[in-house]
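Student: Please read through the structure below; I'll follow up with questions.
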Amino acid sequence: MMGPIGRRRHARPGISGLLAGLFVFVMLFTVGTGYFVFVNQMNTAYVHNLAANDTAMQGQLDESLRVIAASGAGGDLAVIFQNTGSVPANVTDVMVTDPSGAVHGFGQGFSAQTAPALPWPVNVAATSPSFATGLPIVPGTYTIKLVTQRGNVFVSSYPQPMTAELTTLLSSFVVTVGGSVFDTATLSGVTPTAGGNVSYSYYSDGLCTGVATPVATVTVVNGSVPPSPPVTFGTVGSYGWEAVYTGDADNSAAKGVCEPLVVSAIPDCVPSNVNICLATASQGLGSIAINWDSFRYYSFQACSTGTGGSIDAGSLVAPTTACALSPTKVTSAPTAYTISSSSWESTGAVYHAFSLNVTDADPLQRTMVLDGWTQLWFSAFNLGAGGGRANSEAYGMVNVKNAAGIPTVPITTQTSVPSVTISYGQTVTLFFTINSGGDPDNYGGGNVTPIFMLFHGTLGGSSWAENFPLTATFWLA
Amino acid sequence: MRYRCHRRRAVSELVATMLLLAMTVVAGFALFGFVRAEAGSSELSYAQNVGGTIQYLQERFVVPQVSYSASSVTIYVYTSGAVPTQLAQVEIFGPTRAAMDVVYDANHVTVNAPASCAGQSSASASNEAPLLGDAQGGFSAAVDNVATLVLTLPSCSGLAFAPGTTYFVELLGVAGDTVTYYQAM
């Protein structure tokens, strides 16, 4: 039995604590969720814009347009766009600075428009139509800038800068000691008002390497280039001339090719009449094509027997097919050429200057090497069948460009020369003088025919005799 | 002696319960309010931060061209971004900052160099056309559009654009992007 104090109480949960906990949870959940959603939205927006920015920057890098300005149908300035990038482009504006410096804007944001109107999309590798600006073309340079939707700016000009070419011609490729040479440069591909300077110089080798010796710097006036002053050469050897154009605001710079020059010792007489016979030959192991159109023969003026003279500027001698050579044997040889002189009568004529261009034309595209085994042969007599007396008469390698120089004494045996490498497709100029050797001019009396051939390779006696004299076989080194 | 047992609730228990409830509700709402205020403050700060960054990302512009006269420069501004371009400041200097340095903003035109012309004047339509800043009617280059801004040098002997000299134009967008362009007069 329990009294009032000891009565058992019923256990009841505290509703206030439960409700309070629930309220607090709901409130905090609401605030937390809202905060989370907000941050998530912000983050999404940030990531979205960051990605859009990255995409825009990448697109900007991939975008490339070529601007071509030209005279339009009405004689006004017209612009064409070529998409050379990897993404489509959208041209929104074109800005033209005319020769007076005034800026003309066309497209979005400007009151003026091109025809057709901008913006204009240009797909990859596509070319836009011509956009007429309505600006009359006046003398001077226009600068054209186009703006793409991505914010790239591409620039061009009208008229386009010219690509200048400089061609040069020496007054002579071979001179004797004490002779003088001057160079004449000619500009092409330049504007009529081209200015700038051309500098002439020469080198102490035929490849224009090493230190240049300045000759003169001349001023170009309206595209016309004055020649260099003459330079006197007092030392036998090989030289190279070079001319360089500085260009100007409207024309690019340019450099002429190296022009080889040979300064030889003062020679005796040379034949006054030279004919060239080109014989067709089959393909050999290797092949060097000799360009007879480049054959240049340097004769003597006022020549008298046994005395020297001055070498002229040389003359290109056209090949003739009227050669009557015997034998006409051609065996496994690519080319055969002869030089004949109907008046090769001068006793003691020992130096005759020639030059020709030789190209490595090996079908296998291998590199040819003209070295100590290379022999340039001359025969100053008619040969009998099978080679006749060729093996004991005039022969000998005389000179290869950039080699030891033109010999100063008669050569009766093969001359050892440094190697000259001719890469496939490359052309070099060979300079040589004829070595008459054992008085070939007097052989047999009457007209004689000097014949030269270019041999390369370790030819055995029988081999070259078999091919001699009309074959010029180039064996691979 | 027997006592009859009266079933009475104590007043104190009821009051206590009500007090507890009231305190809990008040404390709960106070806590809710505090948390909500803190969250709101944090959201505002975060939103301003992210919003500024987004605006910075959306603000892209280039200067494709300027043209000079002896006393003024016309700047062509193209907007390649997602929002119109408004400029907070433009600085013109060249060929070095010691030779010429003039800063334009929404309120002032400040000449830092040459020293003989150093000083500050109020920005107005006579030296900023249109005015810089983000105010209504100020300079604004719409998206994918070119807009021109003409800045005139303050009148001072020795302060002029010289032919053949290269000048730099440094633009500061209201979102913080900068673009520098240079071109000879």
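In order, the protein sequences belong to chains L and Y. Taking the numbering used here, the leading residue of the first sequence gets 11, the next gets one more, and so forth. Taking the numbering used here, the leading residue of the second sequence gets 946, the next gets one more, and so forth. All C-beta atoms in this analysis are idealised placements derived from N, C-alpha and C, irrespective of residue type, glycine included.
Starting from the C-beta of Gly257(L), find all residues in its chain whose C-beta is less than 8 Å away, skip the five residues before and the five after it, and write them out in chain order.
Tutor: The sequence position of residue 257(L) within the first sequence is 247, counting from 1. So the list reads Ala174, Gly206, Ala263 and Ala264, once near-sequence residues are dropped.
Student: What beta strand (DSSP E) runs, 3 residues minimum, are completely inside the stretch 48-104 of chain L?
Tutor: 75-81 and 86-93
Student: Does the ligand FMN have even one heavy atom less than 6 Å from the beta-carbon of Ala1044(Y)?
Tutor: In the structure shown, the ligand FMN is absent, as is every other ligand, since no ligand is present at all.
Student: Inspect the beta-carbon positions of Tyr210(L) and Ala226(L) and report whether they are closer than 7 Å.
Tutor: Position 200 of the first sequence, counted from the first residue, corresponds to residue 210(L). Position 216 of the first sequence, counted from the first residue, corresponds to residue 226(L). Yes, the pair counts as a contact, with Cβ atoms nearer than the cut-off.
Student: Taking 7 Å as the CB-CB cut-off, is Tyr1126(Y) touching chain L?
Tutor: Along the second sequence, one-based indexing puts residue 1126(Y) at 181. So, not an interface residue.
Student: Identify the contact partners of Thr998(Y) in chain L, using a Cβ-Cβ distance below 7 Å as the criterion.
Tutor: In the second sequence, residue 998(Y) corresponds to position 53, counting from 1. In chain order: Tyr56.
Student: Could you tell me the distance, in whole angstroms, from the CA atom of Ser214(L) to the CA atom of Gly189(L)?
Tutor: Position 204 of the first sequence, counting from 1, holds the residue named residue 214(L). Position 179 of the first sequence, counting from 1, holds the residue named residue 189(L). Straight-line Cα distance between these residues: approximately 16 Å.
Student: Can you list, in chain order, the residues of its chain whose CB lies under 6 Å from that of Pro239(L), leaving out five sequence neighbours each side?
Tutor: Reading the first sequence from its first residue, position 229 is the one you call residue 239(L). For Pro239(L), where only same-chain residues beyond five positions count, the Cβ hits under 6 Å are Ala226.
Student: Check the Cβ-Cβ distances between Gln118(L) and every residue of chain Y, and say whether any is below 7 Å.
Tutor: As a working note, residue 118(L) is residue 108 in the first sequence. Closer than 7 Å to some Cβ of chain Y, the Cβ of Gln118(L) qualifies, so yes.
Student: Could you name the residues of chain Y that Phe33(L) contacts, counting a contact when the two beta carbons are closer than 9 Å?
Tutor: On the first sequence, position 23 is the one that residue 33(L) refers to. The contacting residues are Thr969, Val970, Gly973, Phe974 and Phe977.
Student: Classify Ala984(Y) as helix, strand or coil using the three-state DSSP reduction.
Tutor: Position 39 of the second sequence, counted from the first residue, corresponds to residue 984(Y). Of the three classes helix, strand and coil, the one that applies to Ala984(Y) here is helix, per DSSP.
Student: For the putative contact between Val228(L) and Val235(L), defined by C-beta atoms under 8 Å, what is the C-beta separation to the nearest angstrom?
Tutor: As a working mapping, residue 228(L) is identified with position 218 in the first sequence. As a working mapping, residue 235(L) is identified with position 225 in the first sequence. Confirmed, about 6 Å.
Student: Give a yes or no on whether the C-beta atoms belonging to Phe1084(Y) and Leu1094(Y) are separated by under 7 Å.
Tutor: On the second sequence, position 139 is the one that residue 1084(Y) refers to. On the second sequence, position 149 is the one that residue 1094(Y) refers to. In contact: Phe1084(Y) and Leu1094(Y) (Cβ atoms closer than 7 Å).
Student: What residues from the stretch 95-108 of chain L come within 9 Å of chain Y, judged by C-beta to C-beta, listed N to C?
Tutor: Against chain Y - using a Cβ distance shorter than 9 Å - the residues of the stretch 95-108 of chain L are Asn100, Thr102, Asp103, Met105 and Thr107.
Student: Could you give the C-beta distance for Val57(L) and Val97(L), rounded to a whole number, given that I count them as a contact under 8 Å?
Tutor: The sequence position of residue 57(L) within the first sequence is 47, counting from 1. The sequence position of residue 97(L) within the first sequence is 87, counting from 1. The pair is not a contact, with the Cβ atoms about 23 Å apart (cut-off 8 Å).
Student: For chain L, find out if any of its Cβ atoms is closer than 7 Å to the Cβ of Met946(Y); answer yes or no.
Tutor: Taking the second sequence and counting its residues from 1, the one referred to as residue 946(Y) is at position 1. Note that Met946(Y) scores 46 on pLDDT, short of 50, meaning its location in the model is unreliable; the coordinates nonetheless yield the value given after this. Answer no: the Cβ-Cβ gap between Met946(Y) and chain L never drops below 7 Å.
Student: Going straight from the alpha carbon of Leu217(L) to that of Ser181(L), what length do you get?
Tutor: If you number the first sequence from 1, residue 217(L) lands on position 207. If you number the first sequence from 1, residue 181(L) lands on position 171. Their backbone Cα atoms lie some 18 Å apart in a straight line.
Student: Using 7 Å as the threshold, is the C-beta distance between Val113(L) and Ile154(L) below it?
Tutor: The count along the first sequence starts at 1 and reaches residue 113(L) at position 103. The count along the first sequence starts at 1 and reaches residue 154(L) at position 144. Cβ atoms of Val113(L) and Ile154(L): not closer than 7 Å.
Student: Report back the beta-carbon spacing between Val1119(Y) and Phe1006(Y) to the nearest angstrom; my notes put them in contact at under 8 Å.
Tutor: Position 174 of the second sequence holds residue 1119(Y). Position 61 of the second sequence holds residue 1006(Y). That belief does not hold up - the Cβ atoms of Val1119(Y) and Phe1006(Y) are roughly 11 Å apart, past 8 Å.
Student: Mind reading off the beta-carbon distance from Val970(Y) to Ala1027(Y)? Whole number of angstroms is fine, and I expect it under 8 Å.
Tutor: Position 25 of the second sequence, counting from 1, holds the residue named residue 970(Y). Position 82 of the second sequence, counting from 1, holds the residue named residue 1027(Y). Not confirmed; about 48 Å, so no contact.
Student: Using beta carbons (cut-off 7 Å, strictly below), is Gln1009(Y) in contact with chain L?
Tutor: Here residue 1009(Y) is taken as the residue at index 64 of the second sequence, counted from 1. Correcting the residue type first, residue 1009(Y) is Pro in the shown sequence and not Gln. Yes, its Cβ sits closer than 7 Å to a Cβ of chain L.
Student: Between the C-alpha atoms of Pro146(L) and Leu87(L), what's the straight-line distance to the nearest angstrom?
Tutor: Counted from its first residue, the first sequence places residue 146(L) at position 136. Counted from its first residue, the first sequence places residue 87(L) at position 77. If you take the alpha carbons of Pro146(L) and Leu87(L), they lie about 6 Å apart.
Student: Under 8 Å Cβ to Cβ from Ala136(L), same chain only, skipping five residues before and after it: list those, please.
Tutor: If you number the first sequence from 1, residue 136(L) lands on position 126. Contacts found: Gln92 and Asn93.
Student: In three-state terms, what does DSSP make of Glu958(Y)?
Tutor: Taking the second sequence and counting its residues from 1, the one referred to as residue 958(Y) is at position 13. In this structure, Glu958(Y) counts as helix in the three-state DSSP scheme.
Student: In chain order, what residues of the stretch 1032-1047 of chain Y put their CB closer than 7 Å to some CB of chain L?
Tutor: Listed by position, the residues of the stretch 1032-1047 of chain Y near chain L (Cβ gap below 7 Å) amount to none.
Student: Should Arg160(L) be flagged as near chain Y, meaning a C-beta pair shorter than 7 Å?
Tutor: Your numbering for residue 160(L) matches position 150 in the first sequence. For Arg160(L), the answer is yes, since a Cβ of chain Y falls inside 7 Å of its Cβ.
Student: Contact between the stretch 121-129 of chain L and the stretch 59-78 of chain L is defined here as three or more beta-carbon pairs at a separation below 8 Å; is this criterion met?
Tutor: no
Student: Is the CB of Asn63(L) under 7 Å away from at least one CB in chain Y?
Tutor: Here residue 63(L) corresponds to residue number 53 of the first sequence, with the count starting at 1. Asn63(L) counts as touching chain Y.
Student: What residue range is occupied by the uninterrupted beta strand (DSSP E) comprising Tyr434(L)?
Tutor: Here residue 434(L) refers to the residue found at position 424 when the first sequence is read from its first residue. Counting along the chain, Tyr434(L) falls outside any beta strand (DSSP E), and DSSP gives it neither H nor E.
Student: In the structure shown, what three-state DSSP assignment does Val148(L) receive?
Tutor: As a position in the first sequence, residue 148(L) is number 138, starting the count at 1. DSSP places Val148(L) in coil when its eight states are reduced to three.
Student: Using the Cβ count rule (16 or more neighbours within 10 Å means buried), how would you classify Arg1042(Y)?
Tutor: Residue 1042(Y) sits at position 97 when you count from the first residue of the second sequence. By the C-beta density criterion, Arg1042(Y) is exposed, having fewer than 16 other C-beta atoms within 10 angstroms.
Student: Suppose the cutoff is 7 Å on Cβ atoms and the five residues either side in sequence are ignored; what does the same chain contact list for Glu73(L) look like?
Tutor: Within the first sequence, the letter at position 63 stands for residue 73(L). Around Glu73(L): Gly95, Val97, Ala99, Thr158, Arg160 and Asn162.
Student: Which term fits Gln118(L), buried or exposed, when burial requires 16 or more other beta carbons within 10 angstroms of its beta carbon?
Tutor: Along the first sequence, read from residue 1 onward, the residue named residue 118(L) stands at position 108. Buried is the call here.
Student: Given this structure, state the Cα-to-Cα distance separating Ala992(Y) from Gly44(L), to the nearest angstrom.
Tutor: The residue labelled residue 992(Y) in the question sits at position 47 within the second sequence. The residue labelled residue 44(L) in the question sits at position 34 within the first sequence. Rounded to the nearest angstrom, the two C-alpha atoms are 14 Å apart.
Student: So, with DSSP's three-state summary, where would you put Asn162(L)?
Tutor: On the first sequence, position 152 is the one that residue 162(L) refers to. The answer is coil: DSSP assigns Asn162(L) none of H, G, I, E or B.
Student: Can you name the residues of chain L whose CB is closer than 7 Å to the CB of Asn1052(Y)?
Tutor: Here residue 1052(Y) refers to the residue found at position 107 when the second sequence is read from its first residue. Neighbours of Asn1052(Y) on chain L: none; closest Cβ ~26 Å, over 7 Å.
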